[in-house]
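**Q**
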Amino acid sequence: MNSIRDAVLGLLSQSERVEVQVELASNIASIEVRLVPRRGTTLAAVLAAQRASAFAMLDRLPLQRSMATTAGTLSLGPLGPDVRELLTALIASELGKLSDSTRAVFDTLWAAGTGEFAGVTIDTGATVNAFGVADAVNALAPVGRVSEAIGDYASANGVSFVVESDAAHAGVPIHIAKLATPDQPGGFAVAAWAAWDDIIAMTMPGQDVDALRETLDRFRGAPASAVPPGLATVLAKARHRGDSMIQTLDVVPGEQSIMVIGIGVRDGTGHLWASFPREQVATVVRLSADDDE
2 MNSIRDAVLG LLSQSERVEV QVELASNIAS IEVRLVPRRG TTLAAVLAAQ RASAFAMLDR
62 LPLQRSMATT AGTLSLGPLG PDVRELLTAL IASELGKLSD STRAVFDTLW AAGTGEFAGV
122 TIDTGATVNA FGVADAVNAL APVGRVSEAI GDYASANGVS FVVESDAAHA GVPIHIAKLA
182 TPDQPGGFAV AAWAAWDDII AMTMPGQDVD ALRETLDRFR GAPASAVPPG LATVLAKARH
242 RGDSMIQTLD VVPGEQSIMV IGIGVRDGTG HLWASFPREQ VATVVRLSAD DDE
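Under my numbering, the first residue of the sequence shown carries the number 2, and numbering increases by one thereafter.
1. Which class does Pro254 belong to by DSSP, given the choice of helix, strand or coil?
2. How would you label Glu215, buried or exposed, when you count the other beta carbons within 10 angstroms and need 16 or more for buried?
3. Return the CA-CA distance between Leu25 and Val84, expressed in angstroms with no decimal places.
4. With distances taken Cα to Cα, identify the nearest neighbour of Ser67 among Asp108, Ser31, Thr122.
5. What does a CB cutoff of less than 6 Å around Ala49 pick up in its chain, not counting 5 residues either side in sequence?
6. Measure the beta-carbon distance from Ser54 to Ser245 and round it to whole angstroms, keeping in mind my assumption that it falls under 8 Å.
7. Measure the C-alpha to C-alpha separation of Phe132 and Ile175 and round it to an integer number of angstroms.
8. Should Ser166 be labelled buried (16 or more other beta-carbon atoms within 10 Å of its own) or exposed?
9. For Gly255 and Gln281, I'd like the C-alpha separation in whole angstroms.
10. Which of the three DSSP states is assigned to Leu75 in this structure?
11. Name the two residues that bound the continuous alpha helix (DSSP H) containing Val235.
12. Rounded to whole angstroms, how far is the Cβ of Arg39 from the Cβ of Glu20, which I believe are closer than 8 Å?
13. Could you tell me which residues DSSP puts in a beta bridge with Leu180?
Here it is in structure tokens:
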């Protein structure tokens with residue numbers, strides 16, 4: 002975590018100036034931060050690498066059951082190699098020293114990504130995520146070797162980790178990872194994933210395979226999800242602004258205003274904006290207090 006903090010602070014130090022605008026209304030609080038980079042810096046190059054997103058993947062996910070969403074297009078630019086090494090180090094800290102072949106697997110998966118992504122947290126608490134890749138089938142092939150590495154680590158700690166193939170859906174195999182512990186010898190599904198065309202999608206935990214099947218059907222031509230009104234408003238604003246990424250939280254069903262954080266770049270300046278409707282914030286606070294009791 003210190004490495005991540007240092008990287009963020011290092012980028013911020015390359016800014017020429019930071020501008021902050023806050024707006025307070027009776028039912029909503031908004032903030033926008035504008036980050037102007039110094040010319041020739043890594044920060045300037047990273048911002049220049051970003052592009053506006055159409056958020057086209059998002060309505061392929063089960064939005065009718067959504068509580069939180071994230072979507073967009075991310076390009077790390079010159080930071081790519083450093084971020085890859087950082088993530089590899091974090092994985093190694095959990096799994097132990099990675100062999101050259103395992104590192105090669107992660108490199109293959111990293112290189113396959115297009116930067117486009119979408120995710121949703123649904124009402125069961127599960128998450129469904131989709132990622133754009135250059136070639137899904139070839140990108141998925143190394144996952145088996147990653148699973149083997151995780152299985153070896155799990156076995157060394159008295160846990161069983163196996164990957165089973167569920168019945169194919171629309172001709173696409175669905176893989177389910179299961180953990181078994183001494184307390185739960187029957188095992189439980191921790192993740193399920195599938196790959197097709199230029200998409201890899203997964204759900205965590207792995208019990209909600211139906212959500213994965215729904216996602217596959219929508220990418221293959223079934224009608225898109227109905228976008229809730231509050232999210233539709235956010236998407237329209239983000240597309241108009243030319244944003245690259247958004248993240249939303251909606252804990253008040255039917256509410257027109259939802260919490261959102263959006264990130265984009267215009268004329269070389271990074272823009273981060275956020276909106277916090279009073280009713281949404283009050284509900285989050287109330288739910289947090291209930292959890293603490």
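Backbone N, C-alpha and C define an ideal beta-carbon position, used for all residues, glycine too.
**A** The relevant details are as follows:
1. coil
2. buried
3. 36 Å
4. Thr122
5. none
6. 5 Å
7. 16 Å
8. exposed
9. 11 Å
10. coil
11. 230-242
12. Contact doesn't hold; Cβ gap of about 15 Å is too wide.
13. Phe162, Phe189
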